Amino acid sequence: MLTLHVIQAEYGDCLILEYGTQSNPKYVLIDGGPPGTYEAHLRAGLEKISQGGGRLDLAIASHVDDDHIVGLLRLMEELRRQRANGVAETVEIDSLWHNSFSQTIGTDNDIETRLKALHANTRSFADVMTLTNAAVRGIGEGSQLRSAALALGIPINSDLISVDEAQRPIRSADGLRLYIVGPTKKNLEELKTEWLAWLHKHETSRLTTKETAATADEGVPNLSSIMVLAEDEATGKRLLLTSDGRGDHLSDGLKQAHLLSREGTLHVDVLKVPHHGSDRNVTKEFFKTVTADKYVISANGKYGNPDLDTLVWIVEAAREQGRTIEIFATNQTQSTRQLVEKYDPKVYGYSLVQMDEESDSMPLEVAA
3 MLTLHVIQAE YGDCLILEYG TQSNPKYVLI DGGPPGTYEA HLRAGLEKIS
53 QGGGRLDLAI ASHVDDDHIV GLLRLMEELR RQRANGVAET VEIDSLWHNS
103 FSQTIGTDND IETRLKALHA NTRSFADVMT LTNAAVRGIG EGSQLRSAAL
153 ALGIPINSDL ISVDEAQRPI RSADGLRLYI VGPTKKNLEE LKTEWLAWLH
203 KHETSRLTTK ETAATADEGV PNLSSIMVLA EDEATGKRLL LTSDGRGDHL
253 SDGLKQAHLL SREGTLHVDV LKVPHHGSDR NVTKEFFKTV TADKYVISAN
303 GKYGNPDLDT LVWIVEAARE QGRTIEIFAT NQTQSTRQLV EKYDPKVYGY
353 SLVQMDEESD SMPLEVAA
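Per my numbering, residue 3 is the first one in the sequence shown, and the count goes up by one each step.
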């Protein structure tokens with residue numbers, strides 16, 4: 003049995019992987035979504051697991067962006083209050099995977115210190131401060147998550163979760179195999195170089211007016227994501243969980259993990275589309291190389307996600323390869339409407355399924 007429960011996380015990510023058997027199901031939580039997700043949608047799913055006698059065998063914080071990590075923080079905070087008050091806890095957690103900033107791109111450098119200094123020195127320029135605010139907040143939230151888990155006695159990975167460090171597979175139990183497909187150490191070194199270049203540029207800029215501040219880059223370099231391929235041992239059915247990873251980094255990780263075919267391709271049953279369908283993370287060529295029967299997009303239109311280009315690349319790549327596909331979206335957006343209007347599903351061989359507005363989650367069965 004392998005089922006992906008896509009939690010309504012609006013513009014973020016929150017997923018529950020169910021595996022094992024019908025009589026003895028197991029669960030992995032991947033990310034917790036942005037503010038509001040835990041209270042509105044995730045808690046109900048976790049309480050259902052607990053009421054059925056289950057627990058979270060693993061929780062994964064893919065990275066420290068707040069649209070992924072805040073729900074996990076809310077869960078940890080609630081568990082600490084419940085334990086302090088001697089009441090039943092929402093759910094038990096056996097272990098946590100979380101790569102801290104210092105484990106990834108903060109190794110052997112002063113990026114974190116310089117980033118916080120830049121953030122403090124640009125408070126008078128709202129546009130520049132916005133660029134650094136999310137990163138600084140994310141670093142702090144990552145530290146809070148680690149501290150909360152330690153206080154609850156939840157084991158946390160001491161080593162970096164990466165393709166280089168992982169066994170193959172990194173975890174194999176109860177009929178489920180988990181393979182780490184990102185990040186690689188090479189990817190982290192590249193991101194580290196991008197961060198150092200970005201910091202140097204903005205530390206040396208003469209931001210003396212609001213107008214010049216507004217000319218700063220659109221955003222800081224993205225943080226690394228833990229990316230996982232999950233496989234049902236009995237059937238070989240697979241799903242690929244990409245978080246906010248870049249397509250080129252994912253391709254690197256799949257190759258290094260020896261998961262690509264001789265032709266350099268990979269087909270999975272379910273693909274969680276990277277970075278909420280942003281066209282900055284993928285290309286049409288990516289969707290020709292990494293193919294799926296079902297594509298999952300968690301986005302509500304914020305920041306323009308999913309981009310129409312990404313949706314078009316998915317359906318065009320499938321049509322050119324003669325594949326019939328399904329796209330599962332957590333929300334209707336301008337881009338999903340435009341896709342259906344401009345690219346007839348009957349002509350292009352796809353169907354678009356949208357999560358019910360009243361539902362907390364959308365289940366996708368991968369293996370019965």
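The C-beta atom is built at its ideal place from N, Cα and C for all residues, glycine as well. Keep in mind the model is a prediction, meaning the values are calculated, not measured.
For this session: Note the first and the last residue of the continuous alpha helix (DSSP H) segment covering ASP271.
Result: Within the sequence shown, the letter at position 269 stands for residue 271. Counting along the chain, ASP271 falls outside any alpha helix (DSSP H), though it belongs to the beta strand (DSSP E) covering 268-274.
For this session: For GLY35, count neighbouring Cβ atoms within 10 angstroms of its own Cβ and tell me buried if that reaches 16, exposed if not.
Result: Residue numbering aside, residue 35 sits at position 33 when the sequence shown is read from its first letter. Buried, since its Cβ has 16 or more Cβ neighbours within 10 Å.
Exercise. In whole angstroms, what is the alpha-carbon distance linking LEU256 and ASN87?
Worked result: As a working mapping, residue 256 is identified with position 254 in the sequence shown. As a working mapping, residue 87 is identified with position 85 in the sequence shown. For LEU256 and ASN87, the distance between alpha carbons rounds to 46 Å.
Exercise. Looking at the structure shown, is TYR345 part of a helix, part of a strand, or coil, going by DSSP?
Worked result: Counting from one through the sequence shown, the residue named residue 345 turns up at place 343. Assigned with DSSP and collapsed to three states, TYR345 falls in coil, not helix or strand.
Exercise. When burial is assigned at 16 or more other CB atoms within 10 Å of the CB, is LEU152 buried or exposed?
Worked result: Within the sequence shown, the letter at position 150 stands for residue 152. It counts as exposed.
Exercise. From GLY55 to GLU20, what does the alpha carbon distance come to, in whole angstroms?
Worked result: Here residue 55 refers to the residue found at position 53 of the sequence shown. Here residue 20 refers to the residue found at position 18 of the sequence shown. Computed Cα separation, rounded: 14 Å.
Exercise. Would you call GLN340 buried or exposed, if buried means 16 or more other Cβ atoms sit within 10 Å of its Cβ?
Worked result: Here residue 340 is taken as the residue at index 338 of the sequence shown, counted from 1. With fewer than 16 other Cβ atoms within 10 Å, it is exposed.
For this session: Within the same chain, show all residues whose beta-carbon is closer than 7 Å to that of LEU147, passing over the 5 residues directly before and after it, in chain order.
Result: Taking the first residue of the sequence shown as 1, we reach residue 147 at position 145. Once the five neighbours on either side are set aside, the close Cβ partners of LEU147 are ALA63, ILE71, LEU74, LEU75, MET78, HIS100.
For this session: Look up ILE172 in the DSSP assignment and give the residues it is bridged to.
Result: On the sequence shown, residue 172 is found 170 positions in, with the first residue counted as 1. ILE172 is not bridged to any residue.
Exercise. Taking DSSP as the reference, what is the three-state secondary structure of THR106?
Worked result: The sequence position of residue 106 within the sequence shown is 104, counting from 1. THR106: coil per DSSP, three-state reduction.
Exercise. So TYR305 and TYR13 are in contact, right, with Cβ under 8 Å, and what is the actual spacing, rounded?
Worked result: To locate residue 305, count along the sequence shown from 1; it is residue 303. To locate residue 13, count along the sequence shown from 1; it is residue 11. Right, the Cβ-Cβ distance comes to about 7 Å (below 8 Å), so this counts as a contact.
Exercise. Is the distance from the Cβ of THR267 to the Cβ of THR291 below 8 Å?
Worked result: Position 265 of the sequence shown holds residue 267. Position 289 of the sequence shown holds residue 291. Yes.
Exercise. Given 8 Å as the limit, is there contact between the segment 306-317 and the segment 16-32, that is, 3 or more CB pairs closer than that?
Worked result: no
For this session: Kindly indicate which three-state DSSP category GLU360 falls into: helix, strand or coil?
Result: Here residue 360 refers to the residue found at position 358 of the sequence shown. Here GLU360 sits in coil by DSSP.
Exercise. At what residues does the alpha helix (DSSP H) containing HIS202 begin and finish?
Worked result: Against the sequence shown, residue 202 aligns to sequence position 200. Its alpha helix (DSSP H) spans residues 187-205.
Exercise. Can you tell which of GLU287, THR206, THR335 has the C-alpha that lies nearest to the C-alpha of ALA320?
Worked result: The count along the sequence shown starts at 1 and reaches residue 320 at position 318. For ALA320, the nearest C-alpha among the options comes from GLU287.
Exercise. Is DSSP giving ASP166 helix, strand or coil here?
Worked result: Start at 1 with the first residue of the sequence shown, and residue 166 comes out as number 164. ASP166 falls in the coil class under three-state DSSP.
Exercise. Which residues in the same chain have their Cβ closer than 7 Å to the Cβ of PRO347, if we skip the five residues on either side of it in sequence?
Worked result: Along the sequence shown, one-based indexing puts residue 347 at 345. Result list for PRO347: SER353, LEU354, in chain order.
Exercise. Below 8 Å between beta carbons: does that hold for LEU178 and GLU235?
Worked result: To locate residue 178, count along the sequence shown from 1; it is residue 176. To locate residue 235, count along the sequence shown from 1; it is residue 233. Yes, they are a contact pair.
Exercise. If you drop the 5 nearest sequence neighbours on each side, which residues of the same chain put their C-beta closer than 7 Å to that of HIS277?
Worked result: The count along the sequence shown starts at 1 and reaches residue 277 at position 275. The residues are ASP246, ASN283.
Problem set entry | Reduced DSSP category for THR293 - H, G, I as helix; E, B as strand; rest coil | Residue mapping note: residue 293 aligns to position 291 of the sequence shown, counting from 1. In the structure shown, THR293 sits in a strand (DSSP, three-state: E or B).
For this session: Could you have a look at ARG264 and say whether DSSP puts it in helix, strand or coil?
Result: Within the sequence shown, residue 264 is the residue found at index 262, counting from 1. ARG264 falls in the coil class under three-state DSSP.
Problem set entry | Candidates GLY324, GLU233, GLN169: closest to GLN258 by CA position | Within the sequence shown, numbered from 1, the residue matching residue 258 stands at position 256. It is GLN169.
Exercise. Is it buried or exposed for THR23, if we count other Cβ within 10 angstroms and need 16 for buried?
Worked result: Residue mapping note: residue 23 aligns to position 21 of the sequence shown, counting from 1. Result: exposed.
Exercise. Under 8 Å between the Cβ atoms of ALA294 and ASN333?
Worked result: One-based indexing of the sequence shown puts residue 294 at position 292. One-based indexing of the sequence shown puts residue 333 at position 331. Not a contact, by the Cβ cut-off of 8 Å.
Exercise. So is HIS202 buried or exposed if we call it buried at 16+ other beta carbons inside 10 Å?
Worked result: Translated into positions along the sequence shown, residue 202 becomes position 200. Flag for HIS202 reads exposed.
Problem set entry | Spatial distance of TYR181 from ALA232 (CA atoms) | As a first step, residue 181 is located in the sequence shown; it is residue number 179 there, counting from the start. As a first step, residue 232 is located in the sequence shown; it is residue number 230 there, counting from the start. Approximately 6 Å, taken between the alpha carbons.
For this session: Please report the Cβ distance between SER226 and ILE107, rounded to the nearest whole angstrom; I am assuming they are in contact, meaning their Cβ atoms lie under 8 Å.
Result: To locate residue 226, count along the sequence shown from 1; it is residue 224. To locate residue 107, count along the sequence shown from 1; it is residue 105. With 8 Å as the limit, SER226 and ILE107 qualify as a contact, their Cβ atoms being about 7 Å apart.
For this session: Leaving out five residues on either side along the sequence, give the residues of the same chain with a beta carbon under 7 Å from the beta carbon of ASP59.
Result: Walking along the sequence shown from the start, residue 59 turns up at place 57. So the qualifying residues of the chain are LYS28, TYR29, VAL30, ASP96.
Exercise. According to DSSP, what are the bridge partners of LEU60?
Worked result: Locating residue 60 in the sequence shown gives position 58, where the first residue counts as 1. According to DSSP, which records beta bridges pairwise, LEU60 is partnered with VAL30.
Exercise. Between SER361 and VAL165, what straight-line distance do the alpha-carbon atoms span, to the nearest angstrom?
Worked result: As a first step, residue 361 is located in the sequence shown; it is residue number 359 there, counting from the start. As a first step, residue 165 is located in the sequence shown; it is residue number 163 there, counting from the start. Cα to Cα, the separation comes out at about 35 Å.
For this session: Could you tell me whether the Cβ of ILE95 comes closer than 8 Å to any Cβ of chain D?
Result: The structure shown has no chain D; it contains just one protein chain.
Problem set entry | 8 Å Cβ cutoff met for ASN307 and HIS251 | Counting from 1 along the sequence shown, the entry for residue 307 is found at position 305. Counting from 1 along the sequence shown, the entry for residue 251 is found at position 249. Against a cut-off of 8 Å, the Cβ pair of HIS251 and ASN307 comes out as no contact.
For this session: Give the DSSP bridge partners of GLU367, in chain order.
Result: For the purposes of this step, residue 367 is taken as residue 365 along the sequence shown, with counting starting at 1. Looking at the DSSP assignment, GLU367 forms a beta bridge with THR5.
Exercise. Taking the Cβ atom as the reference point for each residue, do THR39 and ILE9 lie within a distance shorter than 8 Å?
Worked result: One-based indexing of the sequence shown puts residue 39 at position 37. One-based indexing of the sequence shown puts residue 9 at position 7. Yes; because the gap between Cβ atoms is below 8 Å, this pair is in contact.
Problem set entry | Separation of ASP112 from ILE364, as counted between CA atoms | To locate residue 364, count along the sequence shown from 1; it is residue 362. To locate residue 112, count along the sequence shown from 1; it is residue 110. First, the amino acid is wrong: residue 364 is Met here, not Ile. The straight-line gap from Cα to Cα measures roughly 42 Å.
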